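Data block below; observations after.
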Amino acid sequence: MGLCLGSLGSSAVCCFGNAFCSLCCSACPSCKGSTSTRIAYGLILVAGLIVSCIMLIPGLENTLSKIPALCKVPNANIHLVLSINCSQVVGSLAVYRLSFGMSMFFLILSLLMIKVKTSNDFRAKIQNGFWGFKLIILISLIVGAFFIPNNGFDYVFMIFGLIGGFIFILLQLLISIDFVHSWNQSWVDHVESGSKRHGYGLLFFTFLFYALTITGTVLFYVYYVPDRSLCRLHAFFISFNIFLCFVLSIISILPYVRQYNSSCGLLQSSFVSLYVIYYTWSAMSNNPKELCNPSINSVAHPINPSVTSNPHPTRQQHLLDPITVIGLIIFVCTLFYSIITTSRNNRAKKLFFSSSIDSTILDDAQLVNSVSDHKWMLGSDDHSHQRVYDDERGSVTYNYSLFHFMLVLAVLNVMMTLTNWYDPAKDFSTYNNNLASLWIKIISSWLCVLLYVWTCVAPVLFPDRDFS
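Structure follows, in structure tokens:
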């Protein structure tokens, strides 16, 4: 009996130590400890995203109220100890509170991990282990956030969400541009090696992205500019952004630019053009002018049902809103691309949250051959086929503090994306279009063009510098 209890106790302790990731990934191939740690934090963020989506499911409160003794009955004299106010765990306010708890969790870790240099630092052990304790702290912060009085909390945190979401969009633009450059370089190398299918693939995706860009532009003129005299702002956004897409496409194929930067091409420019068009669409969908924004559901006048116009238009939140779905797909792809590439892409390391790596660090092959040293292992043994080895003995491979700060920004971006960047109403069942988010998104589209053009012309302007 004592042996059984001891075995169970030791297994439980493993879930709170460094062995947690390797135990969960025992069927996975060998990997670096730094990579497995970043993936684990990414999965925590995705889990928060899934819970937030569940909170926004229409009719969830009515479904929960049907569960016996779960929800408190309003104005009832008797409440069960375990009953909860179901109206507080659904809707936009619930997403705000969950995001607040998660952002505080990552912010605490960001402050705690300042100037961690090697895995020998005790704080590095907190970063890579103690997962059970960290999950308990995370859940406690989220639960505690639901007890914050709503005396302006929603609007104050929305401002932080706007700022943090905007900064994350800039990081997302950098990651997307890095991705398309890497994609183009990889396929061009295959084409030069004689692979025709990669050449056809380049042509196909270039044509597809440009076709979607042109199609989107035409549809925007039809639906978002029904009256040129009243929707001049939308007409300007569409016309100016498609002009910018034309300019960046020309710059991408200029012989003088390609002479210094062969990585520029039409695949990248078509991808960036589609990205710009998406943010143009997303920005226009936040315009409070109902006539120019078909995304707004017309609300019937409470007295005269024949009157469909409303000086303060509102819109019911739809979880499957196409803009929201596309934004979440881009977010998830960006998140895991940045997590994976920082372990193998030097350009991504320079671009994001890497730290200088000491030249004495062993390379990957030496590390794999040295995993028999148990001091390098993270929860593995001689009989395990899965090995998570410590690749940060000489120096950390990424900046822990900046990594967690990026996750704070990511949480805020998810929060704003799920609520469509709207200004939440008091009852959180409807959302007022937020004019500030319109300018955040349209400025992001212009910065996207600027960043891409810079990656093309920087080698021309500074030929003596290494931009590889």
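When the count follows this note's numbering, it moves up by one through the sequence shown with no breaks and lands on 1100 for the last residue. Just so you know, even glycine gets a beta-carbon here, dropped at the ideal spot from N, CA and C. As the structure is a computational prediction, the values presented were derived from the model and not from experiment.
Nearest-angstrom Cα separation, counted from residue j out to residue i
| i | j | result |
| --- | --- | --- |
| V1092 | I676 | 42 Å |
| P926 | N1052 | 15 Å |
| S731 | F903 | 31 Å |
| V788 | S917 | 23 Å |
| S871 | Y856 | 12 Å |
| H1036 | V1043 | 10 Å |
| W913 | I791 | 22 Å |
| D995 | T750 | Legend: pLDDT at D995 = 45, less than 50; position of this residue unreliable, value from coordinates given subsequently. Rounded to the nearest angstrom, the two C-alpha atoms are 16 Å apart. |
| L840 | L834 | 10 Å |
| P858 | L851 | 11 Å |
| S742 | V678 | 19 Å |
| L1050 | V957 | 9 Å |
| Y892 | C877 | 21 Å |
| E824 | G831 | 9 Å |
| T695 | C685 | 15 Å |
| L802 | C1080 | 8 Å |
| F765 | G897 | 49 Å |
| N919 | A1068 | 9 Å |
| F754 | F762 | 11 Å |
| L692 | V683 | 12 Å |
| M1157 | G959 | Because the chain spans 633 through 1100 in this model, residue 1157 falls outside it and cannot be assessed. |
| F779 | P1095 | 57 Å |
| Y1030 | F738 | 16 Å |
| M1038 | F800 | 7 Å |
| R864 | L767 | 50 Å |
| I972 | T845 | 29 Å |
| I740 | A1090 | 37 Å |
| A915 | L1034 | 28 Å |
| N783 | G776 | 16 Å |
| P781 | D953 | 30 Å |
| T667 | M736 | 23 Å |
| N1045 | S724 | 14 Å |
| I671 | Y1032 | 13 Å |
| F836 | P887 | 23 Å |
Nearest-angstrom Cβ-Cβ length linking residue i and residue j, presumed shorter than 8 Å
| i | j | result |
| --- | --- | --- |
| L805 | L1083 | 6 Å |
| N1105 | T669 | Given that the chain is displayed from residue 633 to residue 1100, the structure contains no residue 1105 and the question cannot be resolved. |
| F968 | G674 | 6 Å |
| I1072 | F798 | 5 Å |
| Y911 | S808 | Their Cβ separation, rounded to whole angstroms, is 11 Å, which puts Y911 and S808 out of contact at 8 Å. |
| T849 | I882 | No, T849 and I882 are not in contact; Cβ-Cβ is about 17 Å, not under 8 Å. |
| M745 | I774 | Incorrect: roughly 21 Å between the Cβ atoms, too far for contact. |
| C1088 | V879 | Not quite, the Cβ-Cβ distance comes to about 11 Å (not below 8 Å), so this is no contact. |
| G793 | L1041 | Not confirmed; about 10 Å, so no contact. |
| S895 | H813 | 5 Å |
| Y842 | S905 | 7 Å |
| A756 | V1085 | Rounded, the Cβ-Cβ distance is 39 Å, inconsistent with contact. |
Counted within 10 angstroms of its Cβ, other Cβ atoms place residue i as buried (16 or more) or exposed
| i | result |
| --- | --- |
| E922 | buried |
| A726 | buried |
| Y907 | buried |
| S772 | exposed |
| F811 | buried |
| I689 | exposed |
| N816 | buried |
| R729 | buried |
| F869 | buried |
| H933 | With a pLDDT of 33 at H933, under the threshold of 50, the predicted position of this residue should be treated as unreliable, though the coordinate-derived value follows. Exposed, by the Cβ-count rule. |
| D786 | buried |
| N752 | exposed |
| R1097 | exposed |
| W819 | buried |
| I955 | buried |
| L1070 | buried |
| S861 | exposed |
| T966 | buried |
| N1001 | In this predicted model, N1001 has a pLDDT of only 42, less than 50, meaning its place in the structure is not dependable; the value taken from the coordinates is given anyway. N1001 should be labelled exposed. |
| I961 | exposed |
| F963 | buried |
| T847 | exposed |
| S970 | buried |
| I885 | exposed |
| G826 | exposed |
Residue i Cβ short of 7 Å to the ligand FAD heavy atom set
| i | result |
| --- | --- |
| I686 | For the ligand FAD, the structure offers nothing, since it holds no ligand at all. |
Minimum Cβ-Cβ distance from residue i to chain C less than 8 Å
| i | result |
| --- | --- |
| P1095 | Looking at the structure shown, chain C is missing, and only one protein chain is on hand. |
Starting from the N-terminal side, write out each stretch of the alpha helix (DSSP H) that is 4 residues or longer and does not extend beyond the stretch 814-847. Within the stretch 814-847, no complete alpha helix (DSSP H) run reaches 4 residues.
Those runs of the alpha helix (DSSP H) which lie wholly inside the stretch 781-809 and span at least 4 residues: none
Enumerate, from N- to C-terminal direction, the unbroken alpha helix (DSSP H) stretches of 4 or more residues contained entirely within the stretch 865-900. 887-892
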